[in-house]
Amino acid sequence: MSLIKRLPKELVEKIAAGEVVERPASVVKELLENALDAKATHITITLEKAGTTLIRLSDNGSGMDATDLALAVEAHATSKISSTEDLFAIKTLGFRGEALASVCAVAKVDITSRQQNSVAGNTIHVEGGVPEAIKQVGAPVGTTVNVSDLFFNVPARRKFLRTENTELQAITTLVSNYCMAHAHVHFSLSNDGKQIINSPSTKQMIDKIGHIYGSTITKQLLPVSSLMEDISVIGYISNPSLTRADKKQFTFFLNGRFIKNPNLLSAVIEGYETLLMVGRNPIGVLNIIVDPKSVDVNVHPSKDIVKFDHERHLLDVIKIAVKSALDQTNLLREHKEKESVQQTIAPQIPSTVSNPTSSQKSSQPIISSQQKNANNVVRENVASYQQSIAPVSQTPKTSVSVIDERQGVLSSTPNTIVVDENLTLRYLGLLHRTYAVCESKDGLVMIDFHAAHERYLYEQIKLHRMDSAKRTQALLSPLKIELTPTQLLLVNQHQQLLESLGFIVDEFGGSTILVRSVPLLFHKQMNKQVLLDIVDELSESVGVSKKIDETLDKIMIRMSCRAADKAGDELSDEKIKEIIRQVSMAGHKYSCPHGRPIFLSVNKAELEKMFKRRA
Ligand SMILES: Nc1ncnc2c1ncn2[C@@H]1O[C@H](COP(=O)(O)OP(=O)(O)OP(=O)(O)O)[C@@H](O)[C@H]1O
Ligand SMILES: [Mg+2]
0 MSLIKRLPKE LVEKIAAGEV VERPASVVKE LLENALDAKA THITITLEKA
50 GTTLIRLSDN GSGMDATDLA LAVEAHATSK ISSTEDLFAI KTLGFRGEAL
100 ASVCAVAKVD ITSRQQNSVA GNTIHVEGGV PEAIKQVGAP VGTTVNVSDL
150 FFNVPARRKF LRTENTELQA ITTLVSNYCM AHAHVHFSLS NDGKQIINSP
200 STKQMIDKIG HIYGSTITKQ LLPVSSLMED ISVIGYISNP SLTRADKKQF
250 TFFLNGRFIK NPNLLSAVIE GYETLLMVGR NPIGVLNIIV DPKSVDVNVH
300 PSKDIVKFDH ERHLLDVIKI AVKSALDQTN LLREHKEKES VQQTIAPQIP
350 STVSNPTSSQ KSSQPIISSQ QKNANNVVRE NVASYQQSIA PVSQTPKTSV
400 SVIDERQGVL SSTPNTIVVD ENLTLRYLGL LHRTYAVCES KDGLVMIDFH
450 AAHERYLYEQ IKLHRMDSAK RTQALLSPLK IELTPTQLLL VNQHQQLLES
500 LGFIVDEFGG STILVRSVPL LFHKQMNKQV LLDIVDELSE SVGVSKKIDE
550 TLDKIMIRMS CRAADKAGDE LSDEKIKEII RQVSMAGHKY SCPHGRPIFL
600 SVNKAELEKM FKRRA
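Just so we're aligned: 516 in numbering that gives the first Met the number 0 is position 517 of the sequence shown, and the numbers increase by one with no gaps anywhere.
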């Protein structure tokens with residue numbers, strides 16, 4: 000019996016119209032959603048050249064009979080809604096009856112389908128929107144859609160297709176996301192014969208998250224399960240110590256539909272209260288289940304932007320759900336499983352490898368360490384520098400005799416630091432474990448030693464980037480890092496860039512990599528987070544027409560920030576002086592690579608004014 004109906008004109012006009020097929024990833028999305036709507040439990044996606052030459056999606060769902068197969072490729076024909084009321088209570092992922100017709104219009108498509116009770120299947124070939132006669136064929140139960148030569152008849156679109164790497168990343172992320180939200184479905188994705196995702200069906204969402212993020216991350220996730228006033232929030236969020244610089248690793252679903260809405264992540268972050276470091280984002284997957292009548296999914300042709308009737312209320316529910324998940328967890332215990340791992344490097348301690356847990360034995364309650372970190376960030380905040388004191392200018396104007404006398408005396412003392420020909424300092428001590436306090440001929444100079452160290456290291460990375468002997472160091476025992484399938488693609492794609500920075504990385508199997516060598520900069524300890532930050536930065540650049548140089552610069556800034564000594568670290572005066580001397584030799588010594596000042600001064604005249612010695 001035929002299920003698909005042509006929609007009446009009045010209803011078609013109410014459906015958000017727009018481009019359905021922009022790129023291979025949008026084809027995969029539509030086919031995937033159709034398979035899920037057909038209640039498939041096994042979905043196999045096969046790509047050639049990242050979908051630009053072939054996208055094949057096979058499912059074991061309900062299938063279609065011959066009549067429906069013919070209607071399926073027509074525009075505005077769907078089995079999912081039939082009236083205007085249905086449009087305001089959508090329970091399926093598709094509803095417009097547009098997707099297959101749109102794909103068929105711009106590619107060569109074969110759809111083969113068989114229903115459970117049929118002895119044979121049927122197949123249809125559509126090329127550039129023109130369907131051929133349906134033929135009976137032998138086929139397994141379910142549907143296989145074969146899309147080849149996408150945009151063969153729209154050369155302008157073909158020309159503007161993004162690179163294969165970008166497409167493959169977009170498709171991998173899409174499949175990863177759907178995989179986590181539909182635990183009972185076996186997902187498999189391969190490109191040019193290489194398997195990227197193979198995630199068997201399971202009862203638990205956490206197992207699926209494990210297939211995508213790996214077991215190390217999964218162990219640090221906390222369950223969220225809340226039901227409040229007809230809104231359920233179910234899923235997993237990361238322990239506060241597990242964060243990412245980018246926002247892409249938190250996925251939201253609404254009634255099983257992947258959705259984009261930045262306010263949702265903000266609500267999650269609010270739920271963490273002070274537990275997260277400023278500027279860092281948690282990892283997680285949340286499925287929000289609401290009455291389909293309370294949400295409009297018909298606002299954008301991509302169907303991933305939705306409009307909630309009471310968004311503010313929903314955001315509060317999410318925030319409370321996250322907060323109570325955190326409240327119910329013993330964060331002190333969770334902290335012990337923190338992601339970072341200390342690594343020794345061959346030349347430093349040749350005979351031993353540090354115990355990964357040794358540094359964690361004396362771990363403080365996570366709340367206090369998080370707050371400490373948050374405070375550090377606040378201290379580093381640009382706003383805090385905007386005080387009455389002014390940054391030291393690059394060319395101090397005065398060179399009064401006092402300093403000349405002092406220089407004579409001070410240059411022989413271990414506390415003297417020559418910043419440049421016009422600025423010599425006498426180191427006095429460290430304030431709040433953050434600012435080095437020095438005397439200059441003109442008054443008082445304070446130095447943010449973390450910013451100074453960052454600048455010095457950044458200049459060093461830049462200088463030695465192409466010099467392999469100076470930049471890389473083999474690890475005694477390689478560092479194993481579990482990545483998501485999308486992250487693995489990024490690492491493979493940017494092997495050369497990573498090598499130029501001193502990271503030598505091999506595939507280990509699945510989505511795991513082995514880091515064999517690291518930049519010399521990290522000679523004392525190597526932290527997984529360093530590499531993950533770099534991958535975040537690479538992922539930010541995907542699809543953005545940003546020059547790779549810009550990304551590289553951001554990566555070098557991240558590396559220098561990670562490797563630099565931090566405010567609050569316990570450092571000797573000798574080490575602080577060494578950092579100031581090092582930055583004094585750097586090319587741009589007056590600001591850190593993020594643009595924050597390194598030196599601040601209060602001149603003598605100002606001091607005198609403050610103490611009312613002069614008017
Ligand atoms: N894999 C599949 N298995 C079974 N039926 C399918 C499958 N794919 C498509 N169909 C049928 O074909 C119809 C048309 O599919 P199409 O994707 O074009 O529209 P839709 O899913 O109804 O809405 P939308 O345009 O929002 O995706 C669907 O309503 C469904 O009945
Ligand atoms: Mg559809």
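Quick reminder that beta carbons are idealized off the backbone N, C-alpha and C, glycines included.
- Annotation for Asn286: the continuous beta strand (DSSP E) segment containing it runs Gly283 to Ile288.
- Closest in alpha carbon position to Arg243, among Glu536, Leu149 and Phe159, is Glu536.
- Looking at the backbone, the Cα of Lys611 and that of Glu605 are separated by about 10 Å.
- In the structure shown, Glu549 adopts helical secondary structure according to DSSP, grouped into three states.
- Around the beta carbon of Asn33, 16 or more other beta carbons sit within 10 angstroms, so the residue counts as buried.
- Sequence-distant partners of Val582 (beyond 5 residues in either direction) whose C-beta falls short of 6 Å from its own C-beta, in its chain, are Ala451, Arg454, Tyr455 and Lys588.
- The set of residues with any CB-heavy atom separation to ligand 2 below 6 Å comprises, in chain order, Glu29, Glu32, Asn33, Gly93 and Ala98.
- Contact check for Thr250 against Ala182 fails: the beta carbons are separated by 9 Å or more.
- Of the candidates Ile216, Leu551, Ile575 and Leu443, Ile216 places its Cα closest to the Cα of Thr511.
- Cβ neighbours of Ser200 within its own chain (closer than 8 Å, five residues either side excluded): Thr40, His41, Ala182, His183, Val184 and His185.
- Annotation: the segment 544–612 contains the following complete segments of the alpha helix (DSSP H) (minimum length 4 residues), in chain order: 547–562, 572–583 and 603–609.
- Short note on Asp67: C-beta closer than 8 Å to some heavy atom of ligand 1.
- Contact between Gln135 and Asn145 is absent: CB atoms are separated by about 17 Å, not below the 8 Å threshold.
- Contact check for Val174 against Ile205 fails: the beta carbons are separated by 9 Å or more.
- In this structure, DSSP gives His309 a state outside helix and strand, which the three-state scheme calls coil.
- The C-alpha of Ile14 is placed about 12 Å away from the C-alpha of Gly93.
- With respect to the C-alpha of Lys608, the residue from Met558, Pro484, Gly442 and Asp447 having the closest C-alpha is Gly442.
- Counting other Cβ atoms within 10 Å of its Cβ, Ile547 stays below 16 and is therefore classed as exposed.
- Around the beta carbon of Phe159, fewer than 16 other beta carbons lie within 10 angstroms, which makes this residue exposed.
- For Thr242, DSSP records a beta bridge to Pro281.
- The beta-carbon distance between Arg515 and Ile533, rounded to whole angstroms, is 15 Å. This is too long to meet the 8 Å contact definition.
- Boundaries of the alpha helix (DSSP H) harbouring Arg156: Pro154 to Lys158, taken from the DSSP string.
- Assignment of Lys479 by DSSP, reduced to helix, strand and coil, places it in the strand class.
- For His299 and Ile89, the gap between their C-alpha atoms comes out near 14 Å.
- Annotation: the continuous alpha helix (DSSP H) that includes Met179 extends over Glu163 to Ala180.
- With a 10 Å radius around the Cβ and a threshold of 16 neighbouring Cβ atoms, Glu29 comes out buried.
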